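Protein chains in written order, with the working numbering: chain Z, 51 to 373; chain A, 51 to 373. Reading through the structure tokens given below for one structure.
2 protein chains.
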Amino acid sequence: MKLLSLLPLLCGLAACTPPARAPTDPLPSWNEGPTKQAILDFVARVTTPGSPDFVPEAERIAAFDNDGTLWQERPTVEVVFLLTRLKAMAEADPAVARDPAVKAALTKDLAYFHEAGPQAILELFGLVYGGVSQEAFIADARAFLAEAKDPATGRKLTALTYRPMRELLDYLRSNGFQTWICSGGTREMMRLVSDSLYGVPPEQVIGTALQLTWKEQDGKWVLWRVPKILTFNDQGAKPVNLSLALGRPPLMAVGNEGGHGDIAMLTYSRSRTGPSFQMLVDHDDAAREHRYAEPDSGSLKAAAANGWTVISMKNDWRTVYRP
Amino acid sequence: MKLLSLLPLLCGLAACTPPARAPTDPLPSWNEGPTKQAILDFVARVTTPGSPDFVPEAERIAAFDNDGTLWQERPTVEVVFLLTRLKAMAEADPAVARDPAVKAALTKDLAYFHEAGPQAILELFGLVYGGVSQEAFIADARAFLAEAKDPATGRKLTALTYRPMRELLDYLRSNGFQTWICSGGTREMMRLVSDSLYGVPPEQVIGTALQLTWKEQDGKWVLWRVPKILTFNDQGAKPVNLSLALGRPPLMAVGNEGGHGDIAMLTYSRSRTGPSFQMLVDHDDAAREHRYAEPDSGSLKAAAANGWTVISMKNDWRTVYRP
């Protein structure tokens with residue numbers, strides 16, 4: 051007993067087993083501090099009946115980016131899938147292998163795409179993801195996800211989700227929020243894992259999409275994937291697709307710095323009449339995850355200018371990955 | 051007392067006050083018969099734990115057409131809005147008034163559109179609904195709906211919803227279903243009334259949409275309506291947009307005959323693995339609503355061929371409109 055009572059003094063503050071916390075802490079993987087407090091304060095503010103900022107349940111919608119916000123984005127799961135699929139297509143069909151954009155993608159010739167512009171990337175998306183039935187494509191994505199590993203560490207890609215974010219999603223839902231995903235991955239891919247990884251049903255997932263067409267094939271009507279992008283759900287496309295899906299800005303939006311991908315979504319949430327809350331993950335944790343930043347710090351500057359809450363992975367998260 | 055007990059004998063079966071029903075009847079505006087029974091049977095089948103056809107709540111999604119299914123479509127509310135708006139635009143701008151498609155629309159010159167093809171109608175949609183911020187457009191639609199009346203009867207257009215369908219929506223929700231609208235009206239217009247008329251939240255409304263863009267205007271970021279149709283949500287576009295929104299076919303789909311608009315949506319629902327249920331409203335009630343039919347009876351033939359349940363407004367509905 052005596053030894054145990056000395057333990058906190060012996061092992062200092064940071065390196066030790068966390069102190070026992072009240073069993074009601076909804077966010078145990080978040081360190082105490084202004085970020086965690088901002089979440090708790092906001093949720094209390096909008097859910098307390100009689101509060102001037104009370105928001106009815108029907109309007110409690112939170113939109114989360116996925117890559118770099120709910121799971122790691124180095125490598126980006128969708129890009130691994132795209133390249134895996136492209137490689138298989140090139141091996142099966144010499145005409146595909148000869149396409150200059152395909153060659154550039156498979157040899158990681160970034161200069162080619164800088165030259166060719168974003169349209170070349172969108173066309174590659176169409177080629178790799180189109181020309182197949184929706185049903186067959188989903189089956190392929192499911193098979194890929196079952197096996198996909200991070201080439202660097204050998205860990206299963208679907209295992210690299212952030213534990214504090216899963217707690218946040220659960221906490222919001224227990225307070226009457228709908229939790230939506232609005233991210234750059236394809237809808238089909240994300241919908242295969244959104245429920246098991248995040249507790250988000252498929253109909254609350256917004257992502258990149260190809261054009262679909264309804265056509266008769268061998269006497270049966272099917273959804274067919276036209277080899278053209280309908281929407282690449284990044285940057286300015288996020289408010290557009292949120293508006294198409296929800297009809298109004300989300301009460302809360304959570305994204306990450308790294309590629310300016312979420313500035314527009316957070317700005318859209320901020321445009322909501324009445325209270326709103328925006329958070330931006332800063333990838334500043336080289337030891338436990340990755341450390342990267344935009345050359346112009348565009349997202350962090352926007353956060354400072356607009357009052358968004360920045361989440362420091364290094365300082366705000368006690369644990370990064372789920373066990 | 052004696053007189054009252056004779057009443058049923060005096061007034062026959064059809065013309066009389068309906069007999070008192072069990073207080074638990076969830077569909078009091080539906081006449082007893084095979085259609086009502088098919089609804090009750092299907093819901094029992096998919097919601098009874100242990101039943102071989104049990105469907106978990108997460109998969110209980112019902113998609114309803116709106117025009118001609120949840121409210122009347124003669125006149126179609128969206129078309130009244132389009133023409134009202136077009137008239138105001140033509141009066142304000144002589145260049146608009148000189149446009150041959152505008153002239154044809156305002157003089158109801160159907161021959162013009164038969165000649166020019168569907169593309170001309172889509173371009174007209176773009177002209178009338180685009181070139182304005184999303185916020186301003188929604189404000190205009192709200193103002194229109196507050197006043198809009200059926201030119202034939204003078205009744206408020208938003209009052210012409212079907213009472214049996216509101217009961218069906220409530221009944222499904224009380225059994226764990228999500229009730230979605232998937233219809234040809236614009237998302238913005240339908241979302242202004244979907245909750246008050248049907249209990250359907252805006253995020254469960256799929257409709258026609260213009261292309262939107264996220265742009266800076268006078269120092270503020272706004273959603274701007276590009277004068278081009280993104281999707282005209284009718285016929286084959288319905289399975290496409292349901293798939294984009296839900297990621298899988300709905301368990302149940304309800305539409306109406308009249309313009310072949312719902313054949314694809316009901317076919318898509320029927321393609322679901324496991325149980326599913328499709329219903330088609332037949333507008334066969336000239337006395338209480340309207341009587342109209344497709345020249346080729348395409349929808350009714352599809353219903354017969356595919357086992358969809360046909361709702362006869364005349365025979366299956368005790369009451370048509372809500373009080």
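C-beta: ideal position from N, C-alpha, C; glycine also. For clarity, every value in this text was computed on a predicted model and none was experimentally measured.
Query - C-alpha distance - P373/A paired with A287/A, whole-angstrom precision - result: 34 Å
Query raised in the report: alpha helix (DSSP H) containing T85/Z: first to last residue?
Result: Per DSSP, the unbroken alpha helix (DSSP H) holding T85/Z starts and ends at P84 to T97.
Query raised in the report: For Q184/A, which residues in chain Z fall below 8 Å Cβ to Cβ?
Result: S293
Report task. Select from S326/Z, A343/Z, D335/Z and R368/Z the residue whose C-alpha is nearest the C-alpha of T97/Z. Result -> S326/Z
**Report entry** Residue burial classification, H333/A (beta-carbon count within 10 angstroms, cutoff 16)
**Finding:** Label assigned to H333/A: buried.
Query raised in the report: Where does G167/A land, buried or exposed, given buried means 16+ other C-beta within 10 angstroms?
Result: exposed
Report task. Give the DSSP bridge partners of Q228/Z, in chain order. Result -> I111/Z
Requested in this report: Below 7 Å CB to CB, which residues in the same chain sit around V243/A once its five sequence neighbours on both sides are set aside?
Outcome: L195 and T208
Query raised in the report: Using the C-alpha atoms, what's the distance from Q267/Z back to F92/A?
Result: 30 Å
Query raised in the report: Does P58/A have its Cβ less than 7 Å from a Cβ in chain Z?
Result: Annotation note: pLDDT 42 at P58/A (below 50); position unreliable, no value reported.
**Report entry** Cutoff 7 Å: G308/Z Cβ touching any chain A Cβ
**Finding:** no
Query - DSSP three-state assignment for D366/Z, whether helix, strand or coil - result: helix
Report task. Please list the partners that A88/Z has in chain A, where partner means a Cβ-to-Cβ separation under 9 Å. Result -> Correct list: empty, because the minimum Cβ distance to chain A is about 23 Å.
Report task. Would you check if the distance between the CB atom of W271/Z and the CB atom of T211/Z is smaller than 7 Å? Result -> no
Query raised in the report: Ordered along the chain, which non-local residues of its own chain (more than five positions away) have a Cβ less than 7 Å from that of A425/Z?
Result: With chain Z covering 51 to 373 only, the question about residue 425/Z has no answer from this structure.
Requested in this report: In the DSSP assignment, find the unbroken beta strand (DSSP E) run with R275/A in it and report its ends.
Outcome: Per DSSP, R275/A belongs to the beta strand (DSSP E) from K270 to T281.
Requested in this report: Check the Cβ-Cβ distances between L296/A and every residue of chain Z, and say whether any is below 7 Å.
Outcome: yes
Requested in this report: In the DSSP assignment, find the unbroken alpha helix (DSSP H) run with L330/Z in it and report its ends.
Outcome: Unbroken run through L330/Z is the beta strand (DSSP E), F327 to D332; no alpha helix (DSSP H).
Query raised in the report: If we ignore side chains and look at the alpha-carbon of each, how far apart do A314/Z and S347/Z end up?
Result: 15 Å
Query raised in the report: What in chain A is Cβ-close to T263/Z, meaning under 9 Å?
Result: G286 and V290
Query raised in the report: In whole angstroms, what is the alpha-carbon distance linking V276/Z and A112/Z?
Result: 31 Å
Query raised in the report: With a cut-off of 8 Å, do at least 3 Cβ pairs link the segment 361-368 of chain A to the segment 77-94 of chain A?
Result: Flag = yes, the segment 361-368 of chain A and the segment 77-94 of chain A touch.
Query raised in the report: Name the chain Z residues that come within less than 8 Å of A259/A, Cβ to Cβ?
Result: L294
Query raised in the report: When we look at the beta-carbon of P144/A and count the other beta-carbons within 10 Å, is it buried (16 or more) or exposed?
Result: exposed
Requested in this report: Helix, strand or coil for N291/Z, going by three-state DSSP, please let me know.
Outcome: Correct three-state label for N291/Z: helix.
Query raised in the report: What distance in whole Å lies between the Cβ atoms of V304/A and F5/A, which are believed to be in contact at a cut-off of 8 Å?
Result: Residue 5/A lies beyond the stretch modelled for chain A, which goes from 51 to 373, so this question has no answer here.
Query raised in the report: So K265/A is in the beta strand (DSSP E); what residue range does that whole segment cover?
Result: V255 to Q267
Query - Element boundaries [alpha helix (DSSP H), containing V130/Z] - result: V127 to A142
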